[in-house]
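What follows is a set of notes on a single structure, which appears directly below.
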Amino acid sequence: MLVEREKASTSAADVTSPAPRVDPYGDLVRDLPTFNYKGDEDETFNAWYTRYGPVIDDRGKALSDDRKRNLIVEKLDKATYKTYSEHVSPLKTQEIDLATTIDNLRKLFGPKRTLIRRRYEFLQSKCPPLNGAYVPYREYGNMIKGKFGDASMKDVDSDSLKCLVFLSGLTDPSHSETRLRLLNQLNRLKESDPAPLLDDFINECETFVTLRTDNRAIESKEVNAAYRRKPAKQDKKHPYSPNKGFRYRRQPRDHSLHSPSRNERSASPAKKRGTKRPKRKHRCKNIAASARGARTYLKVRINGHPTRLQLDTSADITMISRRTWEDMRSPKLDRSTITIRTADGSAMNILGSFNAAFTIFDRKGRPTEGTACCYVTKSTDLLGLEWCIQMHDYKELREQYNRKLASAAIENARDDIVNRLKTRFADVFSPGLGRCTKTKAKLFLKPGARPIYRQKRPVPFASQAAVNAEIDRLVSEGVLGPVDHSNWAARRCQEEQRHDPDMRVFLHRIE
């Protein structure tokens with residue numbers, strides 16, 4: 001009986017006690033991870049909501065859209081929430097519906113790379129190399145799938161694909177401005193705008209190049225100041241009068257032997273009258289060299305700071321003025337360990353030097369990047385040889401002309417040495433046997449010798465071309481000479497050396 005009473009009381013307690021309430025909002029707040037935005041492809045809000053959005057919809061069926069919105073906003077970290085609240089200001093996060101909140105978060109915390117770049121990287125995908133322990137095909141395929149969805153390649157039609165391939169082919173530095181213009185045009189397109197056509201890209205590029213050429217043509221030139229000498233004012237006290245003739249005019253000084261002395265000149269009529277001698281005014285006339293038009297200025301970017309330097313290939317180093325150095329936010333200078341001298345041999349005051357990363361732009365806007373040392377002076381801005389040798393055009397110029405100058409210098413030096421040797425050792429170069437005075441060479445013809453006709457030796461047909469080429473070579477070098485006819489002839493013999501595959505012709509004396 002006691003056991004039955006306990007069972008009855010337990011069953012009555014189970015019926016009367018209410019079931020514990022389940023709070024899906026609190027469970028989701030506790031279980032869902034906080035969203036931290038880092039800008040990576042796997043850390044965007046779209047990736048976070050793609051993974052946990054179905055969980056919110058499934059476990060939060062009883063939640064209203066406002067509570068789901070509050071749940072998503074609550075799972076933002078401190079920095080992300082601050083950015084989002086400032087973005088929607090002056091509205092509050094509770095005043096925006098769920099769909100708009102998700103759309104804003106996807107746009108605000110999306111990938112930092114543009115859609116064009118993601119599509120370009122998708123087309124440039126490469127498979128890792130295959131080795132014995134690693135087979136990359138599955139990971140490579142998964143990477144292709146991820147990049148395909150991330151780049152929205154399913155929305156790419158034939159016209160967009162043509163434009164993308166056209167844009168990816170503009171890799172030369174001369175197309176940098178045109179490529180940037182097209183990228184900006186694609187980046188500003190909205191989803192509702194029609195996709196651009198390839199002909200639109202072509203017309204845009206040609207129009208931009210034409211406008212850039214016209215802009216350079218009407219670009220203001222350098223202004224060279226010209227000074228005009230003012231005519232000397234006529235003396236008002238002694239004006240010229242044709243009736244009264246010429247009055248006294250001070251003659252220019254003459255320092256010749258026949259000129260009067262200082263004492264004689266001091267007794268001139270002008271001195272006797274007590275007139276005040278006018279002071280001589282020295283005027284400086286600036287004479288500009290005709291080579292001003294040959295001066296070349298190039299646009300240079302030093303450590304990201306744009307400036308303009310004069311090209312000077314005779315200067316071994318590149319120098320900038322103190323003012324230019326201060327405009328570059330005064331990078332730290334190192335003490336110069338070398339002595340810099342000017343063209344006249346005098347020492348130049350160098351404030352210091354620093355290692356610079358530079359970019360030189362030529363007339364066509366093509367960049368040349370490099371790193372070298374830059375020296376700081378008081379007022380000199382020169383682009384020296386140390387930076388110029390890294391330019392592609394300068395390398396071609398040096399290869400084109402330096403060899404010619406070097407060969408010409410060698411030829412001149414050789415001729416000079418030969419002439420000096422002939423002058424110093426005239427006896428050695430004089431005609432004759434020189435110091436061979438004991439014996440003299442004489443040639444005698446055998447008595448009764450008569451010309452005998454000997455038929456030429458047969459030459460194989462396969463060797464005729466080589467033999468003729470060898471004879472032409474000997475004639476060009478002056479070893480043999482052509483004649484119309486001859487009573488005497490030396491027989492020839494062709495032979496192919498083992499160590500030399502070329503044919504050689506030898507002349508044999510007839511006994």
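Numbering (UniProt numbering), first residue to last: 1 to 511. Beta carbons are placed, not taken as given, at the ideal position from N, Cα and C, and that holds for glycine. Computed from a predicted model, the values in this text were never measured in an experiment.
Helix, strand or coil at residue i according to DSSP, with G and I counted as helix
i      : result
Pro367 : strand
Glu74  : helix
Ser85  : helix
Ile320 : strand
Gly304 : coil
Ser353 : strand
Lys271 : In this prediction, Lys271 has a pLDDT of 46, which is less than 50 and means its spatial position is unreliable; what the coordinates show is noted afterwards. Helix, per DSSP.
Phe201 : helix
Val483 : coil
Lys299 : strand
Ala62  : coil
Cys163 : helix
Gln464 : helix
Ala151 : coil
Thr100 : helix
Phe361 : strand
Leu309 : strand
Cys436 : coil
For residue j and residue i, the rounded distance between their alpha carbons
i           : j      : result
Trp325      : Thr83  : 38 Å
Asn419      : Asp344 : 34 Å
Phe354      : Met319 : 11 Å
Ala79       : Lys61  : 29 Å
Lys38       : Tyr81  : 13 Å
Glu386      : Pro173 : 23 Å
Glu177      : Arg118 : 21 Å
Phe109      : Leu98  : 16 Å
Leu182      : Thr171 : 13 Å
Gly26       : Trp48  : 19 Å
Thr210      : Ile218 : 13 Å
Asp316      : Ile389 : 10 Å
Glu411      : Leu474 : 25 Å
Asp103      : Arg216 : 46 Å
residue 512 : Glu396 : What is shown of the chain runs 1 to 511, which leaves residue 512 out entirely.
Leu180      : Glu139 : 33 Å
Asp77       : Lys145 : 30 Å
Ile471      : Val483 : 14 Å
Residue i at chain C interface by Cβ criterion, 8 Å
i      : result
Glu206 : No chain C appears in the structure shown, which is made up of a single protein chain.
Residue i Cβ short of 7 Å to the ligand SAH heavy atom set
i      : result
Asn184 : What this structure holds is no ligand at all, so the ligand SAH is not there to describe.
Per-residue burial, residue i [other beta carbons within 10 Å of its own, 16 or more giving buried]
i      : result
Phe429 : exposed
Val376 : buried
Phe444 : exposed
Cys163 : buried
Thr100 : exposed
Thr437 : exposed
Ile72  : buried
Phe358 : buried
Distance between beta carbons of residue j and residue i, contact taken as under 8 Å
i      : j      : result
Leu351 : Arg329 : So it is not a contact: roughly 16 Å between Cβ atoms.
Ile360 : Met391 : 6 Å
Leu383 : Val300 : 6 Å
Asp381 : Leu309 : 5 Å
Ala356 : Asn303 : 6 Å
Proximity to residue i [Cα-Cα], best of the options
i      : options                        : result
Asn184 : Asp199, Asp172, Cys205         : Cys205
Leu198 : Thr213, Leu167, Thr210, Thr178 : Leu167
Lys332 : Gln310, Ser346, Cys373         : Cys373
His57  : Leu32, Pro128, Lys147          : According to the sequence displayed, residue 57 carries Asp and not His. Closest by alpha carbon: Leu32.
Asp159 : Phe201, Lys422, Thr337         : Phe201
Thr93  : Phe35, Tyr394, Asp66           : Asp66
Pro24  : Arg59, Phe35, Thr44            : Arg59
Pro194 : Ser463, Pro111, Val156         : Val156
Lys107 : Ala462, Asn349, Asn46          : Asn46
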